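Only one structure is covered here, and it is reproduced in the block below.
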Amino acid sequence: MSKLLEVKDLHLKIEDAEILRGMEFSLEKGEVFALIGPNGCGKSTLAYTLMGINNYHPQKGEILYKGEKINDLKINQRAKKGITLAWQEPARYQGVTVREFLALGLRSKGEEVTEEKLRDALNKVAISPYQYLNRFVDKSLSGGERKRIELASLILMHPELIILDEPDSGVDIVALNNIADMIKYFKDSGSGLLLITHSEEMLQYADKAALVCEGEIIRQGDPADISEYFKSFCFPCAKEEDCETEVAS
Amino acid sequence: MNDYEMMVDAYKDAGGDDIFSDSEVAHVVLEQDRILGMHAVEGLEVEADKVEANKVRVKVTVREGYKIKNPVHMCFGVLPKEGKQIIDMNVDIQKDAQVEVRADCVFPNAVKVQHIMDAVINIGEGGSYIYKEHHFHGDNGGVEVIAKSDINVEAYGKLVTKFDLLKGRVGKIDFDYEAEIAEHGTVEMLARISGQKDDLIKIREAAHLNGESARGILDSKIAIKDQAEAEIYNELTADAADAMGHVDCTEIIKDQAVARAIPIVDVRHPEAKVTHEAAIGSVDSTQLQTLMAHGLDEEEASDVIIQGLLND
Chain A
1 MSKLLEVKDL
11 HLKIEDAEIL
21 RGMEFSLEKG
31 EVFALIGPNG
41 CGKSTLAYTL
51 MGINNYHPQK
61 GEILYKGEKI
71 NDLKINQRAK
81 KGITLAWQEP
91 ARYQGVTVRE
101 FLALGLRSKG
111 EEVTEEKLRD
121 ALNKVAISPY
131 QYLNRFVDKS
141 LSGGERKRIE
151 LASLILMHPE
161 LIILDEPDSG
171 VDIVALNNIA
181 DMIKYFKDSG
191 SGLLLITHSE
201 EMLQYADKAA
211 LVCEGEIIRQ
221 GDPADISEYF
231 KSFCFPCAKE
241 EDCETEVAS
Chain B
1 MNDYEMMVDA
11 YKDAGGDDIF
21 SDSEVAHVVL
31 EQDRILGMHA
41 VEGLEVEADK
51 VEANKVRVKV
61 TVREGYKIKN
71 PVHMCFGVLP
81 KEGKQIIDMN
91 VDIQKDAQVE
101 VRADCVFPNA
111 VKVQHIMDAV
121 INIGEGGSYI
131 YKEHHFHGDN
141 GGVEVIAKSD
151 INVEAYGKLV
161 TKFDLLKGRV
171 GKIDFDYEAE
181 IAEHGTVEML
191 ARISGQKDDL
201 IKIREAAHLN
211 GESARGILDS
221 KIAIKDQAEA
231 EIYNELTADA
241 ADAMGHVDCT
251 EIIKDQAVAR
261 AIPIVDVRHP
271 EAKVTHEAAI
281 GSVDSTQLQT
291 LMAHGLDEEE
301 ASDVIIQGLL
311 ND
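Chains as they are written, first to last, in the UniProt record's numbering: chain A, 1 to 249; chain B, 1 to 312.
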């Protein structure tokens, strides 16, 4: 049986900079796979490449979703197949209410939009439907609120593969606990999650993890081991001492 | 069906509420130079006279201290494919009076129609005038709208204008609004227009914050595509202590459309402050791609963003 996501020898160059250099990993249904690494190591670039964002088209390698190569599919075609991306900084929309925003994902799947579904999704992310449904998804909402609303939209879309790009960045402890609950919710619902983070705290929610350095996965395995390695060798960066070789041996 | 019913139907098709039989709601219905309906309520006087061919004079007075409970509905339009409508409008909001007007201008069949509005508006001390104008022009692009307003807001008075044309073709629009604002007076002028094909949009909104603590906002949001053109000229001047204002112009363009924004900010008092923002460009790519990651195609995502901007 095909894996939910397989990434094979993925290379991406933007202008003359090689950002992804042979990325390789896989993800099963109902599994949380965390990618950790310092800022600028290529994690978000990988997220954009997997989602098919403009200008993030790999020059080499394969992205397989349930065994099907999706390198050439557009963003919305990937979304229709069940892949979605929750951005590190969710977009703001002037004049679009939370109600309208949440309804979009349902409509694009051809599902009926009901008040009950919208309210239920907001309640799950600890957002009061009464207070928020008619508010605009604009700068009047904080980053944490928009992240939770984005998660509510994911609940309604129930995608099979969710790419969460830095879900913990810019949120308070209450929102962070909520995000942790949602990761568990999606996992229990059978979705596969690719959790992109630069915080080792987030690895506790993962089933397996990988460490990314300069566009490559240099270590994969148990999240606790990856977390320990990350703390020990990445701050400060131990690259000059050839950390990968040392630990691997 | 008589002309009155046809106008009311066109008004309802354009999104207007069916209020014309409600005795508590004042209204005026004009088709070209014909006065098809008129109703006033206590505290509000409405006069309408045909002064010459194609031209009607309308005078609206809200007497001192009266606060008109329900919005006044004005329905203007031209039903045939060709025609001309000139309206000389005089609005007098007396001291401490308040009224909201909802004007719907309907030209559903227009191929060659001209609608000319020349308004003189005075808002007395402490008075409030909210004017929401909604246009429906049909799909032919055969409407030319020329609107000129001279506005005076006395001390502590308030003026809000909101113009929208979001469905159907624009044709040609040429607005020229000018407002003088006295101490503690406020003005907000908002325009929301969606243009396409060879539509031509020209807007000039100017407000002069002459009195101490006067406030002004000029806010235009325009979306154009195909070969449409838009030129937005916003002028806000401030020459009194604590006068404050903001000019905001956002234009989204697609295809071969051309947009220009010309904000003029003129401050002549050290304790006055006016700010401006102008942005012209295509739809924001992060917004677009986020919606595409929700399964919308590019066109659908773009429509959601533009409609949101125009509804804001």
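Cβ atoms here follow ideal geometry from the backbone N, Cα and C, with glycine treated the same way. Keep in mind the model is a prediction, meaning the values are calculated, not measured.
Item to complete: Give me the Cα-Cα distance between residue 105 of chain B and residue 247 of chain B, rounded to the nearest whole angstrom.
Response: 26 angstroms
Fill in: Neighbouring residues, chain A, relative to residue 36 of chain B (Cβ below 9 angstroms)
Within chain A, no residue comes near residue 36 of chain B; the closest Cβ sits about 35 angstroms away, beyond 9 angstroms.
Discussion item. Taking the alpha carbon of residue 279 of chain B as the reference point, which residue from B:254, B:250, B:294, B:265 has its own alpha carbon closest?
Written reply: B:250 is the residue among B:254, B:250, B:294, B:265 whose C-alpha sits nearest the C-alpha of residue 279 of chain B.
Fill in: Exposure label - residue 173 of chain A; buried when at least 16 CB within 10 Å
exposed
Worksheet item: Given 8 angstroms as the limit, is there contact between the stretch 215 to 224 of chain A and the stretch 49 to 56 of chain A, that is, 3 or more CB pairs closer than that?
Response: no
Worksheet item: Where DSSP assigns a beta bridge to residue 136 of chain A, which residues make up the other side?
Response: Looking at the DSSP assignment, residue 136 of chain A forms a beta bridge with A:97.
Worksheet item: Measuring from the CB of residue 118 of chain A, is there a heavy atom of the ligand ATP at a distance below 7 angstroms?
Response: Absent from the structure shown: the ligand ATP. Ligands present: none.
Worksheet item: When the Cα atoms are used, what is the spatial distance from residue 82 of chain A to residue 141 of chain B?
Response: 42 angstroms
Worksheet item: If you measure from the beta carbon of residue 275 of chain B to each beta carbon in chain A, is any gap under 8 angstroms?
Response: no
Item to complete: Taking a Cβ distance cut-off of 7 angstroms, strictly less, list which residues of the stretch 150 to 174 of chain A are near chain B, in chain order.
Response: 153, 157
Worksheet item: For a contact meaning CB atoms closer than 8 angstroms, what does residue 310 of chain B contact in chain A?
Response: 95
Worksheet item: What residues in the stretch 156 to 171 of chain B have a beta carbon less than 9 angstroms from any beta carbon of chain A?
Response: Of all residues in the stretch 156 to 171 of chain B, none is placed with a Cβ closer than 9 angstroms to any Cβ belonging to chain A.
Fill in: Members of the stretch 49 to 64 of chain A that neighbour chain B once the beta carbon cut-off is set at 9 angstroms
51, 52, 53, 54
Discussion item. Does residue 238 of chain B pass the burial test, meaning 16 or more other C-beta atoms within 10 Å, or should it be called exposed?
Written reply: The residue in question, residue 238 of chain B, is buried, as its Cβ has 16 or more Cβ neighbours within 10 Å.
Fill in: Close Cβ partners of residue 61 of chain A (< 6 angstroms) along its chain, the five nearest in sequence each way excluded
8, 9, 10, 11
Discussion item. Against chain A, does residue 374 of chain B count as a neighbour if the rule is that its beta carbon must be under 8 angstroms from one of theirs?
Written reply: Because residue 374 of chain B is not part of the residues shown, which for chain B are 1 to 312, the question remains open.
Fill in: For residue 108 of chain A, the three-state DSSP class (helix, strand or coil)
helix
Worksheet item: Of all Cβ atoms in chain A, is any one closer than 8 angstroms to the Cβ of residue 283 of chain B?
Response: no
Worksheet item: For residue 280 of chain B, which residues in chain A fall below 8 angstroms Cβ to Cβ?
Response: The premise fails here: residue 280 of chain B is roughly 15 angstroms from chain A at the closest Cβ pair, so nothing lies under 8 angstroms.
Fill in: Given residue 188 of chain B as reference, the closest of B:51, B:245, B:37 once Cα atoms are compared
B:245
Discussion item. If the cut-off is 9 angstroms on Cβ atoms, which residues from the stretch 293 to 309 of chain B count as contacting chain A, listed in chain order?
Written reply: 293, 294, 295, 296, 297, 298, 300, 301, 304, 305, 307, 308, 309
Worksheet item: For residue 45 of chain A and chain B, any beta-carbon pair shorter than 8 angstroms?
Response: no
Worksheet item: Who are the near neighbours of residue 230 of chain A in its chain, counting only those whose CB is closer than 7 angstroms to its CB and skipping five residues on each side?
Response: Excluding residues up to 5 positions away in sequence, 36, 200, 211 lie with their Cβ nearer than 7 angstroms to the Cβ of residue 230 of chain A in the same chain.
Discussion item. For the stretch 69 to 84 of chain A, list every residue whose C-beta sits within 7 angstroms of some C-beta in chain B, in sequence order.
Written reply: Flagged, chain order: 75, 76, 79, 80, 84.
Item to complete: Show which residues of chain B have a CB atom less than 7 angstroms away from the CB atom of residue 108 of chain A.
Response: 294, 295, 296
Fill in: Distance between residue 126 of chain B and residue 263 of chain B (C-alpha atoms, nearest Å)
29 angstroms
Practice prompt. Identify, in the order they occur along the chain, each residue of the same chain with its Cβ nearer than 6 angstroms to the Cβ of residue 228 of chain B, setting aside the five sequence neighbours on each side.
Written response: 195, 196, 199, 257
Worksheet item: For residue 43 of chain A, is the classification buried or exposed, using 16 other Cβ atoms within 10 angstroms of its Cβ as the cut-off for buried?
Response: buried
Discussion item. Measuring only the C-alpha atoms, how far is residue 42 of chain B from residue 68 of chain B?
Written reply: 8 angstroms
Fill in: Amino acids of chain B, ordered along the chain, whose beta-carbon sits closer than 8 angstroms to that of residue 105 of chain A
294, 295
Worksheet entry | Closest Cα partner of residue 21 of chain B within the set B:32, B:60, B:37, B:3 | B:37
Practice prompt. Can you give me the Cβ contacts of residue 254 of chain B inside the same chain, cut-off strictly under 6 angstroms, excluding the 5 residues immediately before and after it?
Written response: 225
Discussion item. Using the three-state DSSP reduction, which class does residue 107 of chain B fall into: helix, strand or coil?
Written reply: coil
Worksheet item: Is any beta-carbon of chain B found at less than 8 angstroms from that of residue 121 of chain A?
Response: Contacts with chain B at 8 angstroms (Cβ-Cβ) do not include residue 121 of chain A.
Worksheet item: Since residue 236 of chain B contacts residue 216 of chain B with CB under 8 angstroms, what's their CB separation in whole angstroms?
Response: 6 angstroms
Worksheet item: Mapping DSSP to helix, strand and coil, what is residue 53 of chain A?
Response: coil
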